[in-house]
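With my numbering applied, the sequence shown covers 856 to 971.
Okay, so here's the structure we're looking at.
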Amino acid sequence: MQIYHNPRCSKSRTALEQAQSFVAKNGEQLEVIEYLTTPPTLADLKQLAAQLDTPLRSLVRENEDEYAQLNLADASDDALLKAIAAHPKLLQRPVLVRDGRAIIGRTPEALDAFLK
Numbered sequence: 856m857q858i859y860h861n862p863r864c865s866k867s868r869t870a871l872e873q874a875q876s877f878v879a880k881n882g883e884q885l886e887v888i889e890y891l892t893t894p895p896t897l898a899d900l901k902q903l904a905a906q907l908d909t910p911l912r913s914l915v916r917e918n919e920d921e922y923a924q925l926n927l928a929d930a931s932d933d934a935l936l937k938a939i940a941a942h943p944k945l946l947q948r949p950v951l952v953r954d955g956r957a958i959i960g961r962t963p964e965a966l967d968a969f970l971k
């Protein structure tokens with residue numbers, strides 16, 4: 856399992872704790888990717904987008920200054936991915952990846968359902 860994590864975000868810290876507990880109980884491995892210090896590549900982001908059950912736009916933090924500065928409101932999916940690759944702060948968090956699926960784990964309930 857992987858988690859794209861921002862240690863300064865309380866929801867990301869909560870998700871990390873849930874993921875750590877899950878892998879400890881189930882004997883799985885957890886790779887923690889602090890995406891602000893180790894940004895995902897464009898290829899990584901394309902793979903994440905393909906693994907989500909939600910529109911690609913859900914990967915974007917629309918409240919960040921860069922979103923407005925880059926005029927991303929009407930951007931194509933390709934432009935959004937390139938913007939996230941260039942400005943990792945735009946990546947919604949936390950993102951968990953397991954067994955070929957990905958989720959934006961903003962709520963404990965969503966994470967519980969994903970980890971079952």
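The C-beta atom is built at its ideal place from N, Cα and C for all residues, glycine as well.
Here the structure is a predicted model, which is why all the values come from computation and not from measurement.
Residue i classed as buried or exposed, judged by whether at least 16 other C-beta atoms fall within 10 angstroms
i	result
residue 884	exposed
residue 918	exposed
residue 931	exposed
residue 863	exposed
residue 963	exposed
DSSP bridge partner residues for residue i (one or two, in chain order)
i	result
residue 957	907 and 952
residue 857	886 and 952
From the options, residue whose alpha carbon lies closest to that of residue i
i	options	result
residue 967	890, 872 and 902	872
residue 965	909, 889, 936 and 916	909
residue 868	898, 907, 949 and 913	949
Legend entry - Three-pair Cβ contact test at 8 angstroms for the region 910-927 versus the region 877-892: no
Inset, instruction - Just list the alpha helix (DSSP H) runs in the region 915-949, keeping only unbroken ones of 4 residues or longer that don't cross its boundaries, in chain order. - result: 920-924 and 932-941
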